[in-house]
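Comments concern the structure below.
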Amino acid sequence: MSWLHLVIISPFLLAFLIPLLYKSFKQIHTGWFVLPLPLVLFIYFTKYISGVANGNSYLYSLKWIPSLGINFDAYIDGLGLLFALLITGIGTLVILYSIYYLSKTKESLHTFYVYLLMFMGAMLGVVLSDNLIVLYSFWELTSLSSFLLIGYWYQREKSRYGAQKSMLITVFGGLALLAGIVLLSIPSGTFSIREIVANLDVVTSSSLFIPAMILVLLGAFTKSAQFPFHIWLPDAMEAPTPVSAYLHSATMVKAGIYLVARLSPVFSDHAVWFTLVSTIGVITLFWGSFSAVKQTDLKGILAFSTISQLGMIMSLLGVGSAALHYEFLDDNIYVVAITAAVFHLINHATFKGSLFMVVGIVDHETGTRDIRKLGGLMTLMPVTFTITVIGGFAMAGLPPFNGFLSKEMFFTGMVNVTKMNIYNMETWGMLFPVIAWIASIFTFVYSMILVFKTFTGKYQPEKLEKKPHEAPIGMLISPVILASLVVIFGLFPNILESSIIEPTMASIAPSLLDAGEQFHVHITFWHGFTPELFMTIGVIAMGILLFLTLNKWTKVYRLFPESITLNNAYNNGLAGMEKGSSGIMKFMMTGFIRDYLLIIFAFIGTAVLITLFTQGGFKVDTSNMADIGIYEAILAVIMVLGAITTVFAKSRLTAIISLGVVGYTLALFFVLFRAPDLALTQLVIETVSVALFLLCFYHLPEFKAKKVRVKFHLPNFIIALLVGVTVTLVGIASSSTKLFDSISQYFIENSYKEAGGENMVNVILVDFRGFDTLFEIAVLCIAALGIYSMIRLRLAKEENR
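Sequential numbering of the sequence shown, starting at 1, is according to UniProt numbering.
Below is the structure:
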């Protein structure tokens, strides 16, 4: 195991210790024990920056299930390193923030940090796994830990609802992702992402390529809250603010972004990839920004703004994949859309993380997040206001903050779409920059609402649960650091060029680089009087106008019927499935074993019989069968007569005796086939069975045949006939089909040589199947002990009487 493997599992290891630390050091906030881990991991990952910047990648393999091609291959390149730094860096700040946000006396801190560490380890596993099956395992673990974190305040109905909703939608996407991974592995013959990329010709020529792509995108879209799967994210805001700042701004929701970026080298050659990724991204961008404006809860605004920003990054990755084939490159060889996607990924983590923490501070210090109750907090909370201005203006795309730079590059990428001759881009391709521009106007509006509706205007202390004041310094440290990065990356964007952005782009678009080459990125504020500049000016002008006239035009939201929403569709669908499953359960779970057997036998018989004939499995071959002797024929007739007599017997004694005849006749068959051991065993079992039957029926009420009327049930007869015919045909087909050499020769040759026994049956039972026989004996011993205990209890009870 390498150090990198240990780094990935270290959060899980610490999670095991948290309950012990929580109980042993109750006077110390548990977060202080957790804080050093992400900080150390962040420092550890920084050592890879120089090597990755020079075009190196690092692979550490750990065998897991090599026979299935599943190994824990930890892999670091530009893309993986970027996400690892975000996960550990933002994780450090979130944990520091949570120490001051969560009360050590009122909250169950040990469960909170166990869940948070589980999530951190799962995210590291997702972004650092080269093997797709391992990636999927961690992927589902992020859904599980996210479910636990969102439902942390499980006493609240909304928390439970949000946790369930996120779990159902993301796990649905996860199962689709698993199916896509399996389809992708069939033509490539591997689960390794690097090997799949190395064998693209085989993969892209497969008929499974498009289905695999769609299934993979389903997984990515559900995790990254893309339309129409975005509905889980607003309800996830019921989680504590540190969770929202960590999961829903910087990490989990970007797992889908990571997946699309990681698999872009595999799928980006196909126009379907561009169409789906860019179109869904742009739709999500617009709908998220449009919906954010009408929200009155600060977290609600940030939830829909996150959806919008994720759509923006997704659309850039889609446009960038198309740009790979149309070479919209400048003299420095960089693709604007991909650069914008990577840069905005970083920028969004900084300004959105700070804004989530600010919202938590406002809620913590005022007791509400409702903007209708807030206002006039600027003088009371000046530091919080300053952080909000920086984060909000960066989100709005205003200079000199980092969001302005990536937003300008986003406009450039959207304008370039109109130059691509894909599906008549000269016509409907114009929709991309138009929708992007309109969505950016709404982005500007909700950013201004967040800043000014909260901190300016009339102060309303009578509507607040607490007297507002500035947050303690410990709660301000993390958002101040993130806001500082917003300013630093805005004023000095090129500090990230060669160290982070260029290696990440090389991971997303390796096909653009020849051996030994690297991308060369240079980000500047001024590009001259370009269409992007005029788009920005238009966004600011229209945004200010719409913000100042909010009360006049927001009535448009009332035109959308509340009954016709995706949330209602989800709720009604869930209720319908619950009602349907309840109906099925009531129909099938009758409480009668005979009904259960009818269903089981009917299904098995039908399925086996259909498979037998549709797949050409039925075959009759009597060439290898021995001749049937007169004694065997007589015994067979006796068995059949005994079985028929058992069914139609009118007395218990007759039924028991006829059933015993069937068993004893079977023992005679073993004698004819020269299997004395089996014959003796059958005789003993049959004797004991008959004796037990007689003893049991002796204590039952008297059986009177004249009162018993056995009705003929046609369904029972049909199913019995079906099972009988199926088993008979399967037996005939099995005897007539020889796919492999008989194993009997192995036992003939090795029974004496390997086990030292001449009786082959005994050797098989005692040596070759020794453990099986041992466990059977153990089961019999347990049953005997149970019977003995019941007898002793019965005797003790009678003695007490």
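Built from N, CA and C at the ideal position, the CB exists for glycine as well.
Predicted, not measured: the structure shown is a model, and the values here were computed from it.
Check: T275 versus V260, G318, D235, P240, residue with shortest Cα-Cα distance; Outcome: G318
Check: Best match in Q27, T46, V40 for proximity to I500 [C-alpha to C-alpha]; Outcome: T46
Check: Own chain partners of L39 with C-beta closer than 7 Å, once the 5 adjacent residues on each side are dropped; Outcome: T92
Check: Element boundaries [beta strand (DSSP E), containing W526]; Outcome: It is not in any beta strand (DSSP E) - W526 carries neither H nor E in the DSSP assignment.
Check: Same chain, Cβ closer than 7 Å to N494, neighbours up to 5 away in sequence not counted; Outcome: H522, I523
Check: Cross-strand partners of F72 (DSSP beta bridge); Outcome: L62
Check: Rounded separation between residue 805 and G490 - CA only; Outcome: No answer is possible for residue 805: the residues shown for the chain start at 1 and end at 801.
Check: Candidates W273, K294, L135, of which the one nearest L550 by Cα; Outcome: K294
Check: Burial state of G538, where buried means 16 or more other Cβ atoms lie within 10 Å; Outcome: exposed
Check: Cross-strand partners of D370 (DSSP beta bridge); Outcome: D297
Check: DSSP-derived helix/strand/coil call for V359; Outcome: helix
Check: Residues near L200 by beta carbon distance below 8 Å, same chain, minus five either side; Outcome: P265, V266, D269
Check: A122 beta carbon less than 8 Å from that of S98; Outcome: no
Check: Buried/exposed call for E238, threshold 16 Cβ in 10 Å; Outcome: buried
Check: Expected contact under 8 Å - CB spacing of M357 and P479 to nearest Å; Outcome: 4 Å
Check: Which listed residue (S354, G311, K352) has its alpha carbon closest to that of A341; Outcome: G311
Check: Among Q615, V608, V260, the one whose alpha carbon lies nearest that of V727; Outcome: V608
Check: Short Cβ contact (8 Å threshold) for G219 with L316; Outcome: no
Check: For V335, the three-state DSSP class (helix, strand or coil); Outcome: strand
Check: DSSP state of S129 mapped onto helix, strand, coil; Outcome: strand
Check: Cβ-based burial, Y557 [other Cβ within 10 Å; buried from 16]; Outcome: exposed
Check: Supposed close pair S447, G392 - CB separation, criterion 8 Å; Outcome: 5 Å
Check: Alpha-carbon spacing of D331 relative to H520, whole angstroms; Outcome: Confidence at D331 is low in this model, with a pLDDT of 35, below 50, so its placement is unreliable and the value that follows should be read with caution. Computed Cα separation, rounded: 9 Å.
Check: Neighbour-count burial assignment, R794, 16 or more Cβ in a 10 Å radius; Outcome: exposed
Check: Coarse secondary structure for S499, derived from DSSP in three states; Outcome: helix
Check: S206 in three-state terms, based on DSSP; Outcome: coil
Check: Best match in P715, M585, E578, S735 for proximity to D621 [C-alpha to C-alpha]; Outcome: S735
Check: N-terminal and C-terminal residue of the alpha helix (DSSP H) that I718 is part of; Outcome: 714 to 736
Check: Close-in-space but distant-in-sequence residues of the same chain around V203 (CB under 8 Å, 5 per side omitted); Outcome: L184, P187, S188, I196, F209, V266
Check: For S249, the three-state DSSP class (helix, strand or coil); Outcome: coil
Check: Proximity below 8 Å, CB of L148 to CB of F12; Outcome: no
Check: Meets three-Cβ-pair contact criterion under 8 Å: the stretch 712 to 726 and the stretch 594 to 608; Outcome: yes
Check: Helix, strand or coil at I18 [DSSP, three-state]; Outcome: helix
Check: Neighbour-count burial assignment, V725, 16 or more Cβ in a 10 Å radius; Outcome: exposed
Check: Cβ-based burial, H29 [other Cβ within 10 Å; buried from 16]; Outcome: buried
Check: S98 (DSSP reduced to helix, strand or coil); Outcome: helix
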